[in-house]
Amino acid sequence: MRTHDRCLRTLLLGVILVWGGGCLGGVSAPTRFYTLVPMAGPPTEAIPISAERGPAIGVGPVTLPGYLDRREIVTRRGRDEVELGEFDHWSEQLKDGATRVLGENLAILLRTERVVLLSRRGSHPVRYQVAVDVARFEGAVGAAVTLEARWRILGGDGKELALRRSTVTEVVGAPGYGALVAAMSRALGALSQDIATAIRDLP
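Quick note on numbering: the sequence shown equals residues 121 to 323 in the working numbering.
Here it is, written out as C-alpha cells:
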C-alpha cells in the first residue's frame with residue numbers, strides 16, 4: 121500500500137512539474153501576418169494601348185492548388201514535402217491576394233483605370249478577361265520562389281484569344297518570411313508583365 125501511495129505521489133509531482141513548466145516557459149511566439157503587394161509603378165516601356173481611361177480588363181478567376189489554400193504560408197522542403205508557417209500567416213486568402221495584385225499590376229502596366237476582379241468567367245462585361253490557373257506558387261525561406269501558371273486571355277464574347285504558360289523564379293535573397301513574401305510579389309509582377317505584353321500584342 122505504501123509503495124502504491126509513493127508511486128502515486130511521484131506521478132502527481134511529475135504532472136505538477138510538467139504543468140508548471142508549461143505555464144512558466146510556454147509563452148508562444150506572436151503570429152505575424154503578411155500580404156502580397158503590387159509593383160511600385162509603371163516601367164518606362166509601359167505604353168497606353170487604348171483611350172484615355174484604357175481598356176476594361178477583368179482579372180479572374182485565379183485558381184490555386186488545394187495545398188496552398190490555407191492561412192499558413194506554405195514553404196517547400198523537398199520535391200514532395202512542404203512545411204506550414206506555424207506563426208507566419210497570410211492576412212487574406214492567397215487566392216484573393218494574388219487576384220488583387222495581378223489586377224493592380226495590370227492597371228499599372230496597361231495604364232487603365234478599368235480593372236475588375238472576377239470570381240468566374242464571363243461574370244462582368246469587359247474587353248479582355250484574364251483567367252489564371254496556378255500550378256505552383258511557393259518557395260524556401262532564404263532560397264527562391266517558383267511561380268508556375270497557365271493563363272488565358274478571353275475576349276468580351278468569351279472567345280479565347282491567347283493561351284500561355286509562364287514559369288517564374290525569384291531569388292529570395294535574405295532570411296525570413298518577409299523576404300519570401302517580397303519575392304512572391306515580384307514573381308506576380310513578372311507574370312503580370314507576361315500577360316500585359318500578350319494583351320498589348322492582340323489585334
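Glycine included, every Cβ here is placed at the ideal spot set by N, Cα and C.
- Annotated three-state conformation of D253 is strand, per DSSP.
- Checking the DSSP bridge columns, you'll see I273 partnered with V250, A282.
- Less than 8 angstroms divides the Cβ of L308 from the Cβ of A218.
- Looking at the backbone, the Cα of Y297 and that of D216 are separated by about 19 angstroms.
- About 7 angstroms separates the beta carbons of L274 and Y248, which is inside the 8 angstroms limit, making them a contact pair.
- With fewer than 16 other Cβ atoms from the protein chains shown falling within 10 Å of its own Cβ, D189 counts as exposed.
- Counting C-beta pairs with one atom in each stretch, the region 220-236 and the region 302-317 have three or more that are closer than 8 angstroms, which means they touch.
- At a Cβ-Cβ threshold of 8 angstroms, G174 and R220 do not count as neighbours.
- Rounded to the nearest whole angstrom, the C-alpha separation of G276 and R306 is 29 angstroms.
- If you look at D314, you'll find it in the alpha helix (DSSP H) that goes 297-320.
- According to the DSSP assignment, G180 belongs to the beta strand (DSSP E) that extends over 177-183.
- For G198, the enclosing beta strand (DSSP E) stretches over residues 192-198.
- A263 and E192 have their alpha carbons spaced roughly 19 angstroms apart.
- The continuous beta strand (DSSP E) containing V236 extends over residues 235-237.
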